[in-house]
Amino acid sequence: MKKMSEIKLTNSNFEAEVLNSDKPVLVDFWAEWCGPCQMLAPTVAEIAEEYADSVKVGKVNVDEEPEIAAAYSIMSIPTVLLFRDGKIVDTSIGFVPKQSLVNMFDK
């Protein structure tokens, strides 16, 4: 079984990977300098592996992709958005336990 890791999301692949995805996509908005983002990163990576069959996981570096962050009005990071059929269906802001993120797509 192929290990599915996080997808680095950019302006050029966001539409294809997230908006046109056939499965839910968990998108982590983060930055190198953000402490809580670094704390959340291993959790997001675990989810990417454990739930690879049911959910895609992508990461947006807000410093590298400010247009995407602006398009979704990201004010604080980490912010995790769950997209289903191209629409945001759930949002999590700040450092949260893994179960909180898993609950987003288990609903």
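Numbering-wise (our numbering), the sequence shown opens with residue 36 and increments by one. The beta-carbon is built from N, C-alpha and C at its ideal position, and this holds for glycine as well.
- Let me know the secondary structure DSSP gives THR45 once reduced to three states. For the purposes of this step, residue 45 is taken as the residue at position 10 of the sequence shown. In this structure, THR45 counts as coil in the three-state DSSP scheme.
- Starting from the N-terminal side, write out each stretch of the beta strand (DSSP E) that is 3 residues or longer and does not extend beyond the region 55 to 126. 60 to 65, 91 to 96, 114 to 119, all fully within the region 55 to 126.
- Limits of the alpha helix (DSSP H) - the one that PHE130 falls within: For the purposes of this step, residue 130 is taken as residue 95 along the sequence shown, with counting starting at 1. Neither: PHE130 is in no alpha helix (DSSP H) and is coded neither H nor E.
- LEU44 vs PHE140 beta-carbon contact at 8 Å: Here residue 44 refers to the residue found at position 9 when the sequence shown is read from its first residue. Here residue 140 refers to the residue found at position 105 when the sequence shown is read from its first residue. Going by C-beta atoms, LEU44 is not nearer than 8 Å to PHE140.
- Tell me whether SER40 sits in a helix, a strand or coil according to DSSP, three-state version. As a working note, residue 40 is residue 5 in the sequence shown. It is coil, neither helix nor strand.
- Message: Quick check on LYS94: buried or exposed, where buried means 16 or more other Cβ atoms within 10 Å of its Cβ?
- Response: The sequence position of residue 94 within the sequence shown is 59, counting from 1. Buried is the call here.
- Task: Decide if the region 68 to 84 is in contact with the region 43 to 57; the criterion is three or more beta carbon pairs, one per stretch, under 8 Å apart.
- Result: no
- Rounded straight-line distance, which links the Cα of TYR107 to that of THR192: Look at the range of the chain in this structure, 36 to 142, and you will see that residue 192 is not part of it.
- Query: Taking just the CA atoms, how far does ILE112 sit from SER135?
  - Reply: Looking up residue 135 in the sequence shown gives position 100. Looking up residue 112 in the sequence shown gives position 77. Roughly 16 Å between the two C-alpha positions.
- Task: Could you check if ILE109 is buried or exposed, using at least 16 other CB atoms within 10 Å of its CB as the buried criterion?
- Result: Residue 109 sits at position 74 when you count from the first residue of the sequence shown. Buried, since its Cβ has 16 or more Cβ neighbours within 10 Å.
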